[in-house]
Amino acid sequence: EIQWDPRRDDLLHVDLLAADVSRPVTAHVPIILTGESAGARNVNGTVMHQLRTVDIQALPLEMPGQIELDISIMEEPDSVVRVSDLPIPENATLLTDLEELVVRIELPRVAEEVAFADVEGLEEGAEGEEAATEEGAEE
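Counting the sequence shown from 1 gives a position; our numbering is that position plus 1.
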């Protein structure tokens, strides 16, 4: 805790805490994405960073400041990275659910909408052919 004098902006008081380096602590450690996903690039998809921190328990001097995840390993469009796939230091314990999703590739929706429109066009074309066949049969 830090206390300041509101009038003179002078420092009045600082509380310092000593950590016991022999006892494990728990911290929220950020996940930093590095690299470029070939799977996302090939299908013009988007890398979705679902989980931004994980809970880790470790000794204070062994606690990582961040976890770097190289997403260049995601070569397929349906690739996902779960918490269990993260590079965690040996002396640290993950407290976050191992099956939780960290990163996934979002496929572009435009391609799906175009494909859906093509299917509708084919269905309408088939109905038009049936109507033309019925008209020809009546004549």
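We put the CB at the ideal spot given by N, CA and C, even for glycine.
When DSSP builds the beta bridges, which residues end up paired with P31?
Bridge pairing for P31: T54 [DSSP].
Quick check on I72: buried or exposed, where buried means 16 or more other Cβ atoms within 10 Å of its Cβ?
In this structure I72 is buried. Its beta-carbon is surrounded by 16 or more other beta-carbon atoms within 10 angstroms.
Can you give the Cα-Cα distance for D79 and T35, rounded to whole angstroms?
Between the C-alpha atoms of D79 and T35 there is a straight-line separation of about 19 Å.
If we ignore side chains and look at the alpha-carbon of each, how far apart do A112 and V44 end up?
Summary for A112: the model assigns pLDDT 47, below 50, so the residue's position carries little reliability, and this model does not support an answer.
DSSP-derived helix/strand/coil call for L62
Look at L62 here: in three-state DSSP terms it is helix.
Below 8 Å on the Cβ atoms is my contact criterion, and I expect V30 with L70 to pass it. Report the Cβ-Cβ distance as a whole number of Å.
That pair is no contact at about 12 Å.
Collapsed DSSP secondary structure at A19 in the structure displayed:
DSSP, read as helix, strand or coil, puts A19 in coil.
Under the three-state DSSP convention, the category I74 falls into:
Shown here, I74 sits in a helix according to DSSP, grouped into three states.
Could you spell out where the beta strand (DSSP E) holding R83 opens and where it closes?
Its beta strand (DSSP E) spans residues V81 to R83.
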